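Worksheet: the structure to be examined is printed underneath.
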Amino acid sequence: MCLAIPARVTRILPDDMAVVSIDGVSKEISAALIENLAVGDYVIIHVGYALTRIDPDEAERTLEMMREFREGQEAAQ
Amino acid sequence: MKYADEFRDKEIALGLARAIQAEANPKRPYRFMEFCGGHTHAISRYGLEDMLPQNVRMIHGPGCPVCVLPAGRIDMAIRLAERPEVILCVYGDLMRVPGSQGGSLLRAKARGADIRMVYSTIDAIRIAEENPGREVVFFAIGFETTTPPTAVMIRIAERKQLENFSVFCNHVLTPPAMLNILESPDIRNIGRVEIDGFVGPAHVSIIIGTAPYEFFSEEFGKPVVIAGFEPLDMMQAILMLVRQVNEHRHEVENQYRRAVSRDGNLRAKEEVSDIFELRDRFEWRGLGLVPYSGLKLKRTYAKYDAEVRFEMNELKIADNPACECGAILRGVKKPVDCKLFGTVCTPETPMGSCMVSSEGACAAHWTYGRFRDHQQRRAS
Ligand code: SF4
Chain A
1 MCLAIPARVT RILPDDMAVV SIDGVSKEIS AALIENLAVG DYVIIHVGYA LTRIDPDEAE
61 RTLEMMREFR EGQEAAQ
Chain B
1 MKYADEFRDK EIALGLARAI QAEANPKRPY RFMEFCGGHT HAISRYGLED MLPQNVRMIH
61 GPGCPVCVLP AGRIDMAIRL AERPEVILCV YGDLMRVPGS QGGSLLRAKA RGADIRMVYS
121 TIDAIRIAEE NPGREVVFFA IGFETTTPPT AVMIRIAERK QLENFSVFCN HVLTPPAMLN
181 ILESPDIRNI GRVEIDGFVG PAHVSIIIGT APYEFFSEEF GKPVVIAGFE PLDMMQAILM
241 LVRQVNEHRH EVENQYRRAV SRDGNLRAKE EVSDIFELRD RFEWRGLGLV PYSGLKLKRT
301 YAKYDAEVRF EMNELKIADN PACECGAILR GVKKPVDCKL FGTVCTPETP MGSCMVSSEG
361 ACAAHWTYGR FRDHQQRRAS
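Taken in sequence, the protein lines are chains A and B.
The first sequence: position 67 = 67 (my numbering), numbered continuously.
The second sequence: position 327 = 327 (my numbering), numbered continuously.
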């Protein structure tokens with residue numbers, strides 16, 4: 001029910017609609033909840049609506065912090 | 001898939017598990033409630049509990065909108081769908097939810113009611129446009145995540161001057177339910193779980209932001225960490241909670257920074273507050289009547305409110321007494337504590353709502369957890 005997935009915006013359509021690509025599959029969604037959506041943005045899709053843009057810098061920062069745990073493990077071996 | 005696969009790396013998950021193991025004090029329990037059904041699903045699916053030390057326990061909360069919908073609301077919807085002029089549009093998860101006397105929307109459809117599964121509110125609008133002679137009702141359900149799409153749909157119906165369209169509104173709110181778990185007066189009957197911290201919902205928080213949780217951390221002294229739905233997100237959030245407990249902190253921390261801000265999605269919040277207002281109370285399966293926990297359409301939008309338009313009567317139906325969903329939704333019991341689990345009650349023949357939605361604790365445990373029970377039995 002609350003399932004939501006990341007997707008990349010590939011086209012902007014009239015009437016607050018857009019096309020996104022989910023693992024290569026195109027899907028039409030509503031962009032009514034996001035201001036100035038642009039092609040190339042990554043968004044989180046839920047019941048046919050983009051809920052938010054994914055912030056690429058924050059994503060990278062989070063991953064960076066996570067990766068330290070992998071390296072820590074290798075170092076310990 | 002970008003922004004999903006990277007957050008599923010097994011080596012990193014193991015590293016995070018080792019950090020949790022190293023930092024959790026073996027002399028004390030850590031009991032964390034994941035409020036949201038999406039997290040419950042992820043925990044079962046990726047077997048995260050197996051990676052945690054014995055004294056770090058996850059308690060499944062009531063955050064699955066399908067699971068908390070009381071049987072009375074299902075019966076109301078069935079009655080509505082049985083009217084010949086009505087086309088009822090629903091999200092697929094609702095079809096099998098049991099109402100009273102073994103009834104469900106699926107059965108009503110088999111008997112001839114015009115019930116259509118939709119993926120999005122946009123589909124419901126299209127069905128209304130295609131059927132001008134019929135009354136199209138959208139069965140709206142969900143937490144804060146799913147409410148903005150309903151609001152946008154009503155806006156579109158207004159703009160298109162659709163006269164045959166309305167909404168049966170069952171939207172509920174997260175913070176009042178969390179509050180209810182911590183301080184409800186009827187806890188005496190059903191028992192209380194001790195909770196040392198919350199994993200806060202991912203997608204609800206995209207909309208409402210992290211600010212609404214600040215009250216909990218202050219008022220109840222409980223740490224809250226908002227977490228994404230991927231396994232690494234969950235593991236990192238659990239580590240953050242362990243650290244807060246160890247350091248006697250109780251703050252709202254945001255692990256899911258790539259999608260959640262302090263204020264949330266302002267545009268979505270505005271849409272919702274323009275169209276909806278609070279109900280004085282709303283019934284939740286498992287929690288009973290929770291004050292100010294549900295939404296209804298404002299009076300200015302009454303013509304889109306199916307409850308007004310069709311003069312729908314409130315129906316109260318007692319839950320199946322053998323079903324333990326109530327206690328499970330509160331975190332007091334586990335699916336295996338229910339006598340019906342896996343025998344009478346399976347996803348094919350659900351007796352309770354927790355077995356219906358893939359985010360329900362019983363369904364998640366049925367799909368991914370039974371192996372573990374088996375292994376544990378063999379090991380012991
Ligand atoms: S196993 Fe079925 S009957 Fe038992 S608590 Fe879960 S949903 Fe209810």
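In this text, a Cβ means the ideal position worked out from N, Cα and C, and glycines have one as well.
Just so it is clear, the structure is predicted and the values come from calculations on it, not from any experiment.
In the displayed model, F341(B) falls within a strand according to three-state DSSP. Membership of F198(B) in the beta strand (DSSP E) is indicated by the continuous run G197 to G200.
DSSP, read as helix, strand or coil, puts D23(A) in coil. Comparing alpha carbon positions, the residue from Y304(B), I59(B), L232(B) and A110(B) closest to F138(B) is Y304(B). Within chain B, M1, K2, Y3 and A4 have C-beta atoms less than 7 Å from the C-beta of P6(A), given in sequence order. For V172(B), there are no C-beta contacts with chain A under 7 Å, since the nearest C-beta of that chain is about 12 Å from it. Between G103(B) and I87(B), the CB-CB gap reaches or exceeds 7 Å. The residue among G352(B), N246(B) and P26(B) with its C-alpha nearest the C-alpha of F341(B) is G352(B). In the structure shown, P176(B) adopts helical secondary structure according to DSSP, grouped into three states. The contact set of T62(A) on chain B, defined by CB atoms closer than 9 Å, consists of F7, G228, L232, D233, Q236, Q255, Y256, R257 and R258 in chain order. Runs of the alpha helix (DSSP H) spanning 4 or more residues and lying entirely within the stretch 236-285 of chain B occur at 266-275, in chain order.
Chain B places no beta carbon closer than 7 Å to that of L37(A), leaving this residue out of the contacts. Contact annotation: in the stretch 116-127 of chain B, residues whose CB is within less than 8 Å of a CB in chain A are Y119, S120, T121, I122 and D123.
Here G228(B) has A202 and Y256 as same chain residues with Cβ atoms under 6 Å from its own Cβ, once five neighbours each way along the sequence are excluded. A residue is called buried once 16 or more other Cβ atoms fall within 10 Å of its Cβ, and H41(B) is buried on that count.
With a cutoff of 6 Å, M65(A) does not count as near the ligand SF4, since its C-beta is closer than that to no heavy atom of the ligand. Contact between G288(B) and C67(B) is ruled out by a C-beta separation of about 14 Å, above the 8 Å threshold.
Along the length of the stretch 57-139 of chain B, whole beta strand (DSSP E) runs at least 3 residues long occupy 86-91 and 115-118, reported in chain order. Residue contact with chain A for G15(B): present (Cβ-Cβ distance below 7 Å to some residue of chain A). C338(B) has its CB nearer than 6 Å to a heavy atom of the ligand SF4. Against V152(B), the close residues of chain A are D16, S30, A32, L33 and Y49, in the order they occur along the chain (beta-carbon pairs closer than 9 Å). For D23(A), the chain B residues whose Cβ falls inside 7 Å of its Cβ are M1, in order along the chain. Taking 7 Å as the threshold, the shortest C-beta distance from E11(B) to chain A falls below it. In the DSSP annotation of this structure, the continuous segment of the alpha helix (DSSP H) that includes L329(B) starts and ends at C325 to L329.
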